[in-house]
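Position one of the sequence shown corresponds to residue 2 (the numbering used here), numbered consecutively onward.
Below: one structure, written as structure tokens.
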Amino acid sequence: MTARQADTRQRGWGRWRRTSGWLLLGALLLAAPAAAAREKEKEKQQVDYVVSKWAYKRLTKATGLIDKKKYKEAIDVLQSMKRRSRLNPYEKALMYQTLGYVYAGLEKIPPAIKNLEECLATGSLPAGALLDTQYNLGQLYMVAKNYRKAISVFLDWIHKVDNPKPGAKFNLAMAFVQAKRYREALRWVNEAVGAVKRPKEQWLQLKLSVHFKLKQYRKVAQVLERLVSRFRKKTYWMQLAAIYSELKQEKKALAVLELAYLQGFLTSRGEIRNLISLYNYHNVPIKAARLLEEAMNKGLIKRERKSFEELADTWLRAREMERAARAMEQAARLADGGELYLRLAQIRIEQQKWKAAAAALARALAKGKLKRPGAAHLLRGVAFYYDRQWKKARAAFEKARGFKHSERNASQWLKTLDDKLKRLAQR
2 MTARQADTRQ RGWGRWRRTS GWLLLGALLL AAPAAAAREK EKEKQQVDYV VSKWAYKRLT
62 KATGLIDKKK YKEAIDVLQS MKRRSRLNPY EKALMYQTLG YVYAGLEKIP PAIKNLEECL
122 ATGSLPAGAL LDTQYNLGQL YMVAKNYRKA ISVFLDWIHK VDNPKPGAKF NLAMAFVQAK
182 RYREALRWVN EAVGAVKRPK EQWLQLKLSV HFKLKQYRKV AQVLERLVSR FRKKTYWMQL
242 AAIYSELKQE KKALAVLELA YLQGFLTSRG EIRNLISLYN YHNVPIKAAR LLEEAMNKGL
302 IKRERKSFEE LADTWLRARE MERAARAMEQ AARLADGGEL YLRLAQIRIE QQKWKAAAAA
362 LARALAKGKL KRPGAAHLLR GVAFYYDRQW KKARAAFEKA RGFKHSERNA SQWLKTLDDK
422 LKRLAQR
């Protein structure tokens, strides 16, 4: 076989690799990027790329068996070649290379590595085939978690080729990451990402991971900003909000979580609670209340006493008095005692809704378990007073005067009531 035929033969192996079980290894075992060797020095000797008829016949037979997925038979044919002592270096290289690819296709990594190492050790492959084999060996080292050797092979490969593709640099960065050599990984992942207009998601994820390992949190935020702008994934939004919080950029964290919520990414109670807390922290109670109410209506937050009480308090901070009153009334209905009806009455008094206030106070007293029942009678008297129900006001103040903690105020209100009635009588 001539040198030209040999080169054709090598391209044949490349086609086989793309159609054989070699692809079973997945993304890590893709064929190497097209590479051309840089000629740094003249070869010391001319390699004779010649295959004998005997070897050619067996290599062709093995390839045919591989195409039929008869891998064991193919291995037997190739192993029989090893027993022939008169194979030239190029024939040995082809034999080891093919064995390596068959074992790789079967996911038998140790023998795949051993045979590709033997192939390269012959030093008898054409430049392009040699680089392809070296690159694939590096990826096998990655699969075998031998990151030190993978790094060595990838670095050597990159220095031998003209314009190594960004994907090769990414793989080298991956090897450095697995070896926990993050600063070296950063150089290569930056080169890979910087070489293309739209880096693959996986590349940006690796860059993100490296910056995080190096505690470069501002860089982490920058990468996450790119990820959220291109990929609609909840994870990136949540991570970006978290890193803004870590950087004490709370307004940005709030904005990110708000956008995540609008896109339907916040689906758990904890996530909703986090956004509510941020709204309260930044003194935006109206948004906090709306979100809490919506979450309760959707069942994300339980419709229980403490939730309604929290909702009422939040509406109060937003000065939405009627909404606060409605929420407090629901909380009061679910409470064991009358304290929350007392709080409802205070809201109604602030609204100057005297009848509603008096009704709430009646429920508070009926339900009982009040810490200061005299205060409830006193407020009931105030509500009746401003509603011009003088007899009911007097009766309530008299009851309030019977409790030590409200005696003084009740007496003052009774005097105020008497003065009021005198003025009315003089008209």
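Beta carbons: idealized from backbone N, C-alpha and C, even for Gly.
Predicted model, so just to flag it, every value in this text is computed and none were measured.
Item to check | Outcome for residue 98 when other beta-carbon atoms lying within 10 angstroms are tallied against a minimum of 16 | outcome: Residue 98 should be labelled buried.
Next on the checklist: If you reduce the DSSP assignment to three classes, tell me which class residue 194 lands in.
Outcome noted: In the structure shown, residue 194 sits in a helix (DSSP, three-state: H, G or I).
Next on the checklist: Using a Cβ-Cβ distance cut-off of 8 Å, determine whether residue 309 contacts chain B.
Outcome noted: The chain labelled as chain B is not found in the depicted structure, where only one protein chain is given.
Item to check | Proximity below 8 Å, CB of residue 293 to CB of residue 287 | outcome: No, they are not a contact pair.
Next on the checklist: Looking at residue 113: is its Cβ nearer than 8 Å to the Cβ of residue 149?
Outcome noted: Their beta carbons are not under 8 Å apart, which means residue 113 does not touch residue 149 by this criterion.
Item to check | N-terminal and C-terminal residue of the alpha helix (DSSP H) that residue 171 is part of | outcome: From DSSP, the alpha helix (DSSP H) with residue 171 extends over 167 to 179.
Next on the checklist: Among 68, 95, 171, whose alpha-carbon lies nearest the alpha-carbon of residue 79?
Outcome noted: Of the listed residues, the one whose Cα sits closest to residue 79 is 95.
Checklist entry - Given residue 315, which residues of its chain have a CB within under 7 Å of its CB, disregarding the five upstream and five downstream residues? => result Excluding positions up to five away in sequence, the list reads 286, 289, 290, 293.
Checklist entry - Between residue 409 and the rest of its own chain, which residues show a CB-CB distance below 7 Å, the 5 nearest in sequence each way excluded? => result Within the same chain, residue 409 has no close Cβ partners at all.
Item to check | Local Cβ density within 10 Å of residue 284, reported as buried at 16 or more and exposed below that | outcome: Exposed, because fewer than 16 other Cβ atoms sit within 10 Å of the Cβ of residue 284.
Checklist entry - Taking C-alpha atoms, which residue in 325, 335, 370 lies nearest to residue 349? => result Looking at 325, 335, 370, the one whose alpha-carbon comes closest to that of residue 349 is 325.
Checklist entry - Quick one, which of 124, 163, 120 has its alpha-carbon nearest residue 138's? => result Measuring from the Cα of residue 138, the nearest candidate turns out to be 120.
Checklist entry - With 16 as the cutoff for other CB atoms within 10 Å, does residue 26 come out buried or exposed? => result Note that residue 26 scores 36 on pLDDT, short of 50, meaning its location in the model is unreliable and no value can be drawn from it.
Next on the checklist: Rounded to the nearest angstrom, what separates residue 372 and residue 400 at their Cα positions?
Outcome noted: Per the coordinates, the alpha-carbon of residue 372 lies some 16 Å from the alpha-carbon of residue 400.
Checklist entry - Under 8 Å, do residue 235 and residue 254 count as touching if we go by C-beta distance? => result No; because the gap between Cβ atoms is not below 8 Å, this pair is not in contact.
Checklist entry - Can you name the start and end residues of the alpha helix (DSSP H) that residue 426 belongs to? => result Per DSSP, residue 426 belongs to the alpha helix (DSSP H) from 408 to 427.
Item to check | Proximity below 8 Å, CB of residue 215 to CB of residue 237 | outcome: Between residue 215 and residue 237, the C-beta spacing is not below 8 Å.
Item to check | Where residue 285 sits in the DSSP three-state scheme | outcome: Per DSSP, reduced to three states, the secondary structure at residue 285 is coil, with no helix or strand assignment.
Next on the checklist: For residue 397 and residue 355, which I take to be in contact (beta-carbon distance under 8 Å), what is that distance rounded to the nearest angstrom?
Outcome noted: About 12 Å; that fails the 8 Å criterion.
Checklist entry - For the alpha helix (DSSP H) that contains residue 99, what are its first and last residues? => result DSSP places residue 99 in the uninterrupted alpha helix (DSSP H) bounded by 90 to 106.
Item to check | Where the alpha helix (DSSP H) containing residue 213 begins and where it ends | outcome: Start and end: 202 to 214.
Item to check | Residue span of the alpha helix (DSSP H) that contains residue 76, given as start and end | outcome: Here the alpha helix (DSSP H) through residue 76 covers 72 to 83.
Next on the checklist: Threshold first: 4 residues or longer. Then list the alpha helix (DSSP H) segments lying entirely within the region 244 to 332, N to C.
Outcome noted: Runs of the alpha helix (DSSP H) lying entirely within the region 244 to 332 and spanning at least 4 residues, in chain order: 251 to 263, 270 to 282, 286 to 299, 306 to 318.
Checklist entry - In terms of alpha-carbon separation, which member of 359, 406, 274, 104 lies closest to residue 259? => result Per the C-alpha coordinates, the member of 359, 406, 274, 104 positioned closest to residue 259 is 274.
Checklist entry - Which residue from 223, 130, 271 puts its Cα closest to that of residue 248? => result Check the Cα spacing between residue 248 and each of 223, 130, 271: the tightest is with 223.
Checklist entry - When you compare only the Cα positions, how much space is there between residue 65 and residue 169? => result In this structure, the straight-line span from the alpha carbon of residue 65 to that of residue 169 is close to 31 Å.
Checklist entry - Where does the unbroken alpha helix (DSSP H) through residue 223 begin, and where does it stop? => result Here the alpha helix (DSSP H) through residue 223 covers 218 to 231.
Next on the checklist: With distance defined between alpha-carbon atoms, name the residue in 278, 378, 161 nearest to residue 129.
Outcome noted: Comparing Cα positions, the closest option is 161.
Item to check | Length of the line joining the Cα atoms of residue 367 and residue 339 | outcome: Approximately 7 Å, taken between the alpha carbons.
Checklist entry - Between the C-alpha atoms of residue 346 and residue 352, what's the straight-line distance to the nearest angstrom? => result Residue 346 and residue 352: Cα-Cα distance of roughly 10 Å.
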